[in-house]
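In full-length UniProt numbering, the protein residues as written are 1 to 352.
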């Protein structure tokens, strides 16, 4: 059993008869699956009970089972006696599922013959943006929140020779990829970014050398990233944050790690006022963007004055929240600030 509880905030509890087929990302999100890679086993009989203090959503990322024999069933409640939402088999990706209450129960059963690549599904609090990653190199991935994280070639030093890694990023909306470290052997060690879920998707770019790539935004809800190195020179490598698009951004900085904080709400971008602004607030901003933490919280429009709506005044975070909407403030659009008080931040590039 894995249990998360934070007073006044959303939380999720997951129990499973197959504990190895569950990955907890944050206190409000994670993954359930039939197998980590390859194909699932014969004679499987697994279940997952997901409960929360809010409605839940289940989004299938991968789905391929033996049609007519190997089934995923999803129930709208705590047990298999609850209302059946759907019974799924074959290779059609099920639609996103939302609970009517605060629990979902999922089962997966297989027979004794044909085996397939199976399923992968992301659970999260309904209505919250999410972004999740599966990787061939699990040690080169750090999840920061239910909608953000970091992918990298190496934590520090130089990357290894003969690396061949891939990262598949799946989100509730468009995905934004922000490189904040980049140095590979030019013309030999490459990062490829594809606009979709595989190497068969459209190629956005092929990157090498030491020029920091521009911010990349997917046209759909998926990005696929690969990194390969040869047997000769190795460099300090790359690190990039990923996050669900249209939630938060940094503007006006001279690097991707710093800038004026802008948040997306009610269909438009707006500003956070500096009243009460401190390093704890900045930590949450950086975490939501996928960066490790904050190094500085700036006041007095350090990175230039914004324009338009001031969305948040008197933000009050403890520093441990995953998103700013878990923090206290005076209410969206309620403020007594001017744009000379716009808040900004500098995030850390050190990978935890």
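Ideal placement from N, C-alpha and C gives every residue a C-beta, glycine not left out.
query: Hey, residue 248 and residue 288: beta-carbon distance below 8 Å or not?
result: yes
task: Kindly list the residues whose CB is nearer than 6 Å to the CB of residue 205, restricted to its own chain and excluding five residues on each side of it in sequence; keep chain order.
output: 193
message: Quick check on this structure: which residue in 14, 171 and 56 has the alpha carbon closest to the alpha carbon of residue 218?
response: 171
message: Taking 8 Å as the threshold (C-beta atoms), are residue 34 and residue 119 in contact?
response: yes
message: Applying the 10 Å Cβ sphere with the 16-neighbour rule, what's the burial state of residue 112?
response: With fewer than 16 Cβ atoms within 10 Å of its Cβ, residue 112 is classed as exposed.
message: Going by the DSSP bridge assignment, what does residue 118 pair with across the sheet?
response: Its beta-bridge partners are 64.
query: Which runs of the beta strand (DSSP E) spanning at least 3 residues fall entirely within the region 67-142, listed in chain order?
result: 71-76, 83-88, 103-109, 118-125 and 131-135
- request: Let me know if residue 243 comes out buried or exposed under the rule of 16 or more other beta-carbons within 10 Å of its beta-carbon.
  value: buried
- request: Measure the alpha-carbon distance for residue 296 versus residue 317 and round it to whole angstroms.
  value: 15 Å
- request: Please confirm if the region 342-350 is in contact with the region 246-266, defined as three or more CB-CB distances below 8 Å between the two stretches.
  value: Because the criterion of three Cβ pairs below 8 Å is met, the region 342-350 and the region 246-266 touch.
task: Answer yes or no: do residue 59 and residue 125 have a C-beta to C-beta separation smaller than 8 Å?
output: no
query: The alpha helix (DSSP H) spanning residue 324 covers which residue range?
result: No alpha helix (DSSP H) holds residue 324; DSSP gives it neither H nor E.
- request: Tell me whether residue 208 sits in a helix, a strand or coil according to DSSP, three-state version.
  value: In the structure shown, residue 208 sits in coil (DSSP, three-state: anything other than H, G, I, E or B).
- prompt: DSSP on residue 274, reduced to helix/strand/coil?
  reply: coil
- request: Report buried or exposed for residue 164, applying the criterion of at least 16 other Cβ atoms within 10 angstroms of its Cβ.
  value: exposed
query: So what does residue 179 bridge to, in DSSP terms?
result: 240
task: Could you tell me whether the region 262-277 touches the region 128-144, using the rule of 3 or more Cβ pairs below 8 Å?
output: no
query: In three-state terms, what does DSSP make of residue 281?
result: helix
task: Go to residue 164, then tell me how far its beta strand (DSSP E) extends in each direction, as first and last residue.
output: For residue 164, the enclosing beta strand (DSSP E) begins and ends at 164-171.
- request: For residue 223, name the three-state secondary structure that DSSP assigns.
  value: Reduced to three states, the DSSP call for residue 223 is strand.
task: Count the CB pairs spanning the region 227-241 and the region 136-150 that are closer than 8 Å, and state whether there are at least three.
output: The region 227-241, when compared against the region 136-150, does touch it at the 8 Å Cβ threshold.
- prompt: Cα separation between residue 97 and residue 71?
  reply: 16 Å
- prompt: Does DSSP put residue 17 in a helix, a strand or coil?
  reply: Secondary structure of residue 17 (DSSP, three-state): coil.
query: According to the Cβ coordinates, are residue 283 and residue 301 closer than 8 Å?
result: no
message: Within 10 Å of its beta-carbon, does residue 215 have 16 or more other beta-carbons around it, so buried, or fewer, so exposed?
response: exposed
message: Given this structure, state the Cα-to-Cα distance separating residue 107 from residue 45, to the nearest angstrom.
response: 7 Å
- prompt: Where does the unbroken beta strand (DSSP E) through residue 332 begin, and where does it stop?
  reply: Element bounds for residue 332: n/a, residue is neither H nor E.
task: Since I believe residue 49 is in contact with residue 78 (beta carbons under 8 Å), could you give me their beta-carbon distance rounded to a whole number of angstroms?
output: 6 Å
- request: Can you tell me which of the three DSSP states residue 305 falls into?
  value: DSSP places residue 305 in coil when its eight states are reduced to three.
- prompt: residue 265 lies in the beta strand (DSSP E); which residues open and close that run?
  reply: 258-265
Anticipated Cβ contact below 8 Å, residue 319 with residue 280, distance rounded: 4 Å
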